[in-house]
Amino acid sequence: MTAGRSMWLRWVACAGVLAIGALAVLSTAQSQPAVTLGAPQATELETLMNAMNGHLKFIAQNLSDPAMRPKVLERVHDMQRLAWTAKTRTPATVSGLPQADQAAAQLEFRRRMNEVLIECCRLEMHVIDGRASEAWNVIKGPMLKLREQGHDRFQEKDEG
Ligand code: HEM
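Sequential numbering of the sequence shown, starting at -9, is according to our numbering.
Here it is, written out as structure tokens:
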């Protein structure tokens, strides 16, 4: 091989490595979540709750379509995992209590999240059995009631 041809091959190899590197950096940059500077950061519990809410909405909107049953079941399962995780997290309204009151309040929070989990299981059974109206009754009855009462009891009140 001539010296010129070998230099040219080396140059092509270098350019290839650089191009792959640039692609890797670009794809990493694109996968970063958009963060607005100065915006309040969501707590982990809030992130879990927001995800549960999204699933609940999807489930409610697609319950009566038999073709969507596999996707609905996936979302119900995800809701269960989120409720199961959330029950061991500590809301700010609990961590802000005097030390002596925290343990009982944490258990009460855990108990209520367990009830959400139980209703998710009931919901799943109705979806599996193809009983859309019973499934809907679980959402509009006990599930939304648990959400409302849980928030009244454990969510921080907005000042102003
Ligand atoms: C199906 C059931 C539930 C859903 C879909 C749900 C949904 C949500 C959503 C969307 C938020 C974000 C803030 C907002 O927009 O209000 C939130 C926050 C919160 N939820 Fe729930 N929730 C449910 C049940 C509960 C229950 C049973 C409790 C208490 C036992 C609870 C306690 C809280 C707390 C403490 C926050 C504030 C988290 C933070 O900002 O750090 N939630 N929830």
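Note that beta-carbon positions come from the ideal geometry of N, C-alpha and C, so glycine has one too.
Boundaries of the alpha helix (DSSP H) in which residue i is found, first to last residue
| i | result |
| --- | --- |
| residue 169 | Because the chain spans -9 through 150 in this model, residue 169 falls outside it and cannot be assessed. |
| residue 49 | 34 to 52 |
| residue 69 | 59 to 76 |
| residue 139 | 134 to 144 |
| residue 83 | 82 to 85 |
| residue 122 | 122 to 128 |
8 Å Cβ cutoff met for residue i and residue j
| i | j | result |
| --- | --- | --- |
| residue 74 | residue 107 | yes |
| residue 103 | residue 69 | no |
| residue 128 | residue 62 | no |
| residue 100 | residue 77 | yes |
| residue 109 | residue 132 | yes |
Whole-angstrom distance between residue j and residue i, CA atom to CA atom
| i | j | result |
| --- | --- | --- |
| residue 98 | residue 46 | 23 Å |
| residue 92 | residue 38 | 21 Å |
| residue 13 | residue 72 | Low confidence applies here, because residue 13 scores a pLDDT of 43, under 50, leaving its location unreliable and the question unanswered by this model. |
| residue 35 | residue 119 | 32 Å |
| residue 96 | residue 135 | 20 Å |
| residue 123 | residue 130 | 10 Å |
| residue 33 | residue 44 | 17 Å |
| residue 139 | residue 105 | 12 Å |
| residue 40 | residue 137 | 12 Å |
| residue 148 | residue 31 | 16 Å |
| residue 67 | residue 48 | 13 Å |
| residue 115 | residue 144 | 29 Å |
| residue 57 | residue 111 | 21 Å |
| residue 86 | residue 121 | 43 Å |
| residue 88 | residue 94 | 11 Å |
Burial state of residue i (16 or more Cβ within 10 Å)
| i | result |
| --- | --- |
| residue 141 | exposed |
| residue 90 | exposed |
| residue 125 | buried |
| residue 65 | buried |
Problem - Stretch pair the stretch 81 to 92 + the stretch 50 to 63: three plus CB contacts closer than 8 Å - result: The stretch 81 to 92 is not in contact with the stretch 50 to 63.
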